[in-house]
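One structure below.
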Amino acid sequence: MANGTIRAVSGLAVLVFLLCAWVLSRGRLWLFILALIVLPQQALAECTTHTILNPDGTTRLCTTCCTAGTCSTFCN
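Each residue of the sequence shown is one higher than the one before, starting from 29 at the first, in the working numbering.
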């Protein structure tokens, strides 16, 4: 499989983001604006897919996602 970078922001993700920002602000406009500034950096991740060769000769597909300098890798 080819390696690829995935950047996806769906309409649902935007709605969830706005809902989280509103809930965190509890209706206060200034907190809502602050949440709009801070949350996008936490919500958007850059992900890269790659394969790993196991000792038994099988391959696993892995995805590494990085958000705000913190990376996590998940393999199937």
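The beta-carbon is built from N, C-alpha and C at its ideal position, and this holds for glycine as well.
Work out the CA separation of residue j and residue i for me, nearest whole Å.
i, j, result
"Thr79", "Leu46", "35 Å"
"Cys93", "Asn104", "14 Å"
"Leu81", "Arg88", "7 Å"
"Trp50", "Gly85", "50 Å"
"Leu52", "Ala96", "20 Å"
Tell me whether the beta-carbon of residue i lies closer than 7 Å to the beta-carbon of residue j.
i, j, result
"Thr76", "Cys90", "no"
Output the boundary residues of the beta strand (DSSP E) element that contains residue i.
i, result
"Arg56", "Per DSSP, Arg56 belongs to no beta strand (DSSP E) and is neither H nor E."
Per DSSP, what are the beta-bridge partners of residue i in this structure?
i, result
"Cys48", "BP columns for Cys48 are empty, so no partner."
"Thr101", "Thr92"
"Thr86", "Answer by DSSP bridge pairing: none, since Thr86 is not bridged."
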